[in-house]
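Notes follow once the structure below has been shown.
Numbering (the numbering used here), first residue to last: 125 to 853.
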């Protein structure tokens with residue numbers, strides 16, 4: 125079947141190139157015949173890539189080891205779920221998945237706009253197909269997923285997927301990020317279409333408004349899932365290490381967040397035209413740049429499985445897109461002059477602009493910290509490292525400023541604020557921050573904080589400021605919802621819940637955006653809790669205990685379990701507080717038969733809104749009588765995951781279709797259908813928190829979930845060797 129996959133990607137490349145040509149002709153001549161032909165080319169390209177994707181999935185599921193990609197990233201012992209994950213687990217498969225997403229979103233955009241934006245759509249199709257063609261060139265000539273062995277060289281067994289990737293979250297994390305980066309092609313195509321067509325009004329902003337939210341949503345989901353994976357699998361007790369691959373995914377998220385806010389100013393005031401087009405181009409370029417620096421070997425990362433030999437191809441694509449888009453941007457520079465100017469530095473427009481500068485400053489810090497070690501090494505030969513402390517030194521103050529401006533931008537008046545606006549909108553949030561901050565900090569210190577290690581003075585200061593800003597921003601959001609609900613209840617005979625629902629559905633962008641901001645507030649609560657985190661490396665003999673904070677950890681023993689995929693080493697640790705037993709934790713370590721030199725940590729985490737207790741098994745003696753652990757007590761980490769869920773929910777509200785877009789449904793059925801779908805979406809959005817809670821309090825979250833038939837313990841049948849988990853840098 126590999127021949128069919130190769131034929132499909134070659135056909136897709138040919139049709140994409142033809143479609144680019146026909147799209148340009150349709151845009152220049154206004155020919156409807158060429159317009160329809162370009163649409164057909166768009167759908168055909170998507171169909172061909174879909175065929176290629178199905179062929180690769182079929183090969184993975186049927187263990188067709190005559191294909192090198194299948195042999196390199198799967199084996200016969202892998203469950204079906206991870207076989208599907210192997211589709212994007214390697215370079216060639218992830219690139220095919222990226223192209224499939226580009227063509228999918230392009231096809232959806234073409235279909236939904238088949239009767240609108242006719243001056244833009246030929247250029248949009250041409251640009252999107254050109255991007256797809258550029259990626260297909262890399263796929264065909266640099267990383268063909270259907271390259272096979274000679275018949276006599278076919279292996280009978282595959283190497284298997286990297287053990288670190290054989291987790292549910294890691295199966296979902298890469299496609300979410302890839303979808304976010306791939307779908308960024310559509311809003312980029314609208315911006316370039318505006319430059320090419322000369323229509324530099326707000327029409328492209330209106331057309332691209334929702335298309336920029338989709339990639340932002342998927343980038344958010346991808347980064348949150350990546351943080352969950354790092355927290356649960358790598359064993360270092362955190363969810364963000366400022367690793368270069370993490371940074372590469374964060375960069376386009378930062379700039380697209382700035383773009384979403386500044387597009388609102390252009391729609392409302394006709395300002396920031398140059399800024400928005402430049403941001404859109406820069407965001408798209410960062411999606412390609414991030415892939416280049418992580419796949420080229422230019423930077424070192426714990427994500428070693430991400431590197432490949434196609435870096436030069438991506439560099440050529442990056443240079444080509446940069447030169448063409450920047451040249452076009454400069455060509456239209458004068459025509460992009462804003463219609464309005466800033467009326468006052470004390471206004472919502474000014475707050476949004478300042479917030480944009482905060483996001484761009486954070487982008488510059490992350491970009492510099494990621495690339496400077498390689499630049500310095502190339503210039504001087506000196507090897508340096510920019511660790512988490514360096515990033516936190518810059519990012520924490522910038523993040524706090526961003527939070528402050530987020531709260532101010534929510535309630536300050538448009539055009540020009542005055543004293544009346546201040547009295548109406550700012551008094552309650554400021555009072556909430558001044559009153560609730562000392563109360564909450566003092567209450568936490570009395571109830572829990574004094575039983576933990578005292579934080580560093582600077583960290584404690586940042587944490588208190590973060591909590592104050594959380595109360596301030598949270599109060600602005602509650603105030604806006606309260607006023608909106610009160611206004612509706614005065615005008616309509618509605619209950620509180622009905623008013624809240626209709627308020628969100630009538631003004632989706634506004635109140636959905638407030639919910640997104642509320643998710644960010646919860647995330648900052650978790651960031652503040654990091655200042656109180658306790659970390660300790662301990663080595664315990666069987667029956668020995670250690671005191672960490674007000675918790676007592678007692679090592680009780682080690683056992684091993686064998687199955688066809690791995691050997692599971694599972695420890696038992698009793699946790700008590702103030703002499704009272706709380707629960708038993710079971711951190712472990714898996715050694716896959718396919719990768720015996722790459723043991724995988726099976727972390728056990730007990731997570732509550734107040735704090736996480738986190739235990740990782742690092743090493744142990746062959747007889748299991750002594751073991752080494754990393755133990756963390758991390759306050760408020762739960763709120764980071766909860767904030768991510770709220771952020772996703774708010775974004776989905778912003779994207780929720782209107783009645784007009786669902787006009788094919790009958791009015792009655794439409795209302796019931798929308799309510800049912802919305803309820804299902806809410807359940808789906810909050811399901812990760814349900815899973816997280818179940819994992820935190822049952823055997824599903826520790827090494828016991830992997831146990832099968834009981835076998836002899838280590839004390840009865842000692843192993844020849846024990847795996848060693850290298851400590852993260």
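Idealized CB from N, CA, C, for every residue including glycine. Note that the coordinates shown come from a computational prediction; the quantities given were computed from them, not determined experimentally.
* **N- and C-terminal bounds of the alpha helix (DSSP H) containing residue 352** => 327-357
* To do: Measure from the alpha carbon of residue 665 to the alpha carbon of each residue in 714, 253, 744, 643, then state which is nearest.
  => 744
* Asked: What's the call for residue 611, buried or exposed, on a 16-neighbour Cβ count within 10 Å?
  -> exposed
* Along the chain, which unbroken stretches of the beta strand (DSSP E) at least 3 residues long are found entirely within the region 669-728? -> 669-672, 675-686, 690-701, 704-709, 712-716, 719-726
* **Same chain, Cβ closer than 6 Å to residue 764, neighbours up to 5 away in sequence not counted** => 647, 650
* **Endpoints, the alpha helix (DSSP H) within which residue 663 is located** => Not the alpha helix (DSSP H): residue 663 falls in the beta strand (DSSP E), residues 658-665.
* Pick helix, strand or coil for residue 138, following the three-state DSSP scheme. => DSSP places residue 138 in helix when its eight states are reduced to three.
* Do you know offhand how far residue 633's Cα is from residue 337's? -> 11 Å
* Asked: Roughly how many whole angstroms lie between the Cα atoms of residue 389 and residue 708?
  -> Counting only the Cα atoms, residue 708 lies some 54 Å from residue 389.
* Asked: Buried or exposed: which applies to residue 503, given that a residue is buried once 16 or more other Cβ atoms fall within 10 Å of its Cβ?
  -> exposed
* According to DSSP, which residues form a beta bridge with residue 754? -> 661, 740
* Return yes when the Cβ of residue 128 is within less than 8 Å of the Cβ of residue 194, no when it is not. => no
* **C-alpha gap between residue 320 and residue 247, whole angstroms** => 7 Å
* For residue 536, does the three-state DSSP call read helix, strand or coil? -> In this structure, residue 536 counts as coil in the three-state DSSP scheme.
* Reduced DSSP category for residue 794 - H, G, I as helix; E, B as strand; rest coil -> Residue confidence for residue 794 is low, a pLDDT of 47 falling below 50, so the modelled location carries little weight and cannot support an answer.
* Between the CA atoms of residue 406 and residue 134 - distance to the nearest angstrom -> 30 Å
* To do: Under 8 Å by Cβ, that's how I've got residue 739 and residue 753 pegged, so tell me the actual separation to the nearest angstrom.
  => Taking 8 Å as the upper bound for CB-CB distance, residue 739 and residue 753 are in contact here, some 6 Å apart.
* To do: Please state whether DSSP places residue 623 in a helix, a strand or coil.
  => helix
* Name the DSSP beta bridge partners of residue 759, please? -> 735
* Cβ-based neighbour list, residue 733, same chain, cut-off 7 Å, excluding 5 preceding and 5 following -> In the same chain as residue 733, and ignoring 5 residues on each side of it, the C-beta atoms closer than 7 Å to its own belong to 762, 763, in chain order.
* Tell me where the alpha helix (DSSP H) around residue 501 begins and ends. => 472-504
* Thinking residue 770 and residue 639 are a contact (beta carbons under 8 Å), I'd like their distance in whole angstroms, please. => 6 Å
* **Inter-residue Cα distance where the pair is residue 200 and residue 187** => 7 Å
* Residue from 381, 729, 680, 672 whose Cα sits closest to the Cα of residue 701 -> 672
* What is the DSSP secondary structure of residue 157, counted as helix, strand or coil? -> helix
* To do: Confirm, please, whether the CB-CB distance from residue 222 to residue 259 is below 8 Å.
  => yes
* Distance between beta carbons of residue 515 and residue 493, contact taken as under 8 Å -> 5 Å
* Is the distance from the Cβ of residue 593 to the Cβ of residue 528 below 8 Å? -> yes
* How long is the line joining the alpha carbons of residue 742 and residue 311, rounded to whole angstroms? -> 46 Å
* Could you give the DSSP three-state label for residue 520: helix, strand or coil? => Of the three classes helix, strand and coil, the one that applies to residue 520 here is helix, per DSSP.
* Whole-angstrom Cβ separation of residue 536 and residue 471, contact assumed at under 8 Å? -> 7 Å
* Asked: Which residues in the same chain as residue 414 place their Cβ atom closer than 7 Å to its Cβ, once the five residues preceding and following it in sequence are excluded?
  -> Excluding sequence neighbours, residue 414 sits near 372, 373, 375, 376.
* Looking at the structure shown, is residue 848 part of a helix, part of a strand, or coil, going by DSSP? -> Low confidence applies to residue 848: its pLDDT is 43, below 50, so where it sits in the model is not reliable enough to give any reading.
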